[in-house]
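As structure tokens, the structure follows; a few thoughts come after it.
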Amino acid sequence: MEYNDSVKNRVKRMEGQLRGILKMMEDDKDCKEVITQLSAVRSAVDRTVGLIVSENLVECVREAEKNGGSSDEMIKEAVNLLVKSR
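One point on numbering: in the working numbering, the residue at position 14 of the sequence shown is 20, and numbering is uninterrupted.
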């Protein structure tokens, strides 16, 4: 699967957030602020996982239809990936 710039930018943004959180910890910031930022990163990761799985699923289903195959197994695999990510 090819990852478009939008997905890569999401990951780069998360990387920046994590670096910021580390800086907050090094500066002994309040734990509530740190937890708030960690929760934001976790939410961003969850949304990115969902986006990647859904884009991959669409791609795989199109490929299966083009080749006359069944997409059932791919759908099950995508659902399992989402479940594992939680």
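Yeah, the Cβ is synthetic: ideal placement off N, Cα and C, and Gly gets one too. Keep in mind the model is a prediction, meaning the values are calculated, not measured.
{"Asked": "Would you kindly check if the distance between the Cβ of Val67 and the Cβ of Ser91 is under 8 Å?", "Found": "no"}
{"Asked": "Using three-state DSSP, classify Gly56 as helix, strand or coil.", "Found": "helix"}
{"Asked": "Starting from Glu8, trace the alpha helix (DSSP H) both ways and give me its first and last residue.", "Found": "Neither: Glu8 is in no alpha helix (DSSP H) and is coded neither H nor E."}
{"Asked": "Counting only the same chain and skipping the five closest in sequence on each side, list residues whose C-beta sits under 6 Å from that of Lys29.", "Found": "none"}
{"Asked": "Who are the near neighbours of Ile27 in its chain, counting only those whose CB is closer than 8 Å to its CB and skipping five residues on each side?", "Found": "Val40, Gln43, Leu44 and Val47"}
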